[in-house]
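Chemist: If you count the sequence shown from 1, you need to add 219 to reach my numbering. Structure below; questions to follow.
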Amino acid sequence: MKLVQIKCNGEMTDLDIPINTKNIRKGLADKSIHRGDKKLQHLYSWDYEGSIILCYGWINGTAGKENKHDLPASATKLNALLDNSDTQLLFGDIFILMKQGNRFHDFSTSDYGLFYSLCFEGFDDCLSDDYSDDYDDVAGCDTDDTDVDGDGYVDVNTNKSDMDDTSNLSGEYEEELDEDENVY
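As structure tokens, then:
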């Protein structure tokens with residue numbers, strides 16, 4: 220059965236191992252590269268398209284072995300001592316599986332990517348045409364009365380229509396970006 224292993228550094232890999240309800244913790248722990256303290260636990264569950272997505276991992280561990288991956292919010296906690304899934308610090312590897320009824324089903328990294336994206340409702344494009352509607356409700360701001368001046372500060376004495384006209388930006392702010400030398 221395929222499942223997702225999320226390593227401490229956030230790297231995801233597909234595992235294909237035989238597991239069932241009785242041997243799941245041992246099977247996952249045996250495939251762990253980094254472990255937390257104590258026993259591997261079923262931590263969270265999410266309802267997803269008639270299935271349940273399960274998360275196994277460790278909530279205790281050694282400093283430096285924290286898992287960098289951010290889980291989606293709104294999970295069902297399986298232990299009252301757990302924080303919400305998007306804030307709980309986890310250690311070692313995390314395992315993500317899918318279950319329908321009493322049976323486990325294949326769940327790959329691409330399946331998890333789709334699930335993850337849906338949990339976050341996709342990633343909104345900041346330059347969408349309806350951006351002004353998003354900002355009207357933020358902290359009582361009224362975008363009809365605000366604008367960003369040439370220095371990057373908010374000028375409350377200009378109109379929103381002026382804000383949409385970028386032709387008056389001076390060339391002094393046009394800079395060449397540095398080359399991205401990060402290794403991905």
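Just so it is clear, CB atoms sit at the ideal spot from N, CA and C, and this is done for glycine as well.
1) Compute the Euclidean distance between the alpha carbons of leucine 273 and glycine 229, then round it to the nearest angstrom.
2) Measuring straight from C-alpha to C-alpha, what distance separates serine 293 and serine 264?
3) Which first and last residues belong to the alpha helix (DSSP H) in which serine 329 is found?
4) One question on the structure: do leucine 247 and tyrosine 275 come within less than 8 Å of each other, judged by their Cβ atoms?
5) Report the three-state DSSP secondary structure of aspartate 399 (helix, strand or coil).
6) Can you tell me the Cα-Cα spacing of glutamate 398 and glycine 311, whole angstroms?
7) Which value, in whole angstroms, describes the spacing of the CA atoms of tyrosine 267 and lysine 284?
8) Report yes if the C-beta distance between isoleucine 236 and phenylalanine 323 is below 8 Å; otherwise report no.
9) By the DSSP assignment, the alpha helix (DSSP H) with aspartate 249 in it spans what residues?
10) Kindly indicate which three-state DSSP category arginine 322 falls into: helix, strand or coil?
11) With distances taken from CA atoms, which of His261, Asp256 and Phe326 is nearest asparagine 298?
12) When the Cα atoms are used, what is the spatial distance from lysine 320 to lysine 257?
13) Straight-line CA distance for serine 304 to leucine 316?
Modeler: If we stick to the structure as given:
1) 17 Å
2) 9 Å
3) 328-338
4) yes
5) coil
6) 34 Å
7) 29 Å
8) no
9) 243-250
10) strand
11) His261
12) According to the sequence displayed, residue 320 carries glycine and not lysine. Each residue's alpha carbon lies about 29 Å from the other.
13) 15 Å
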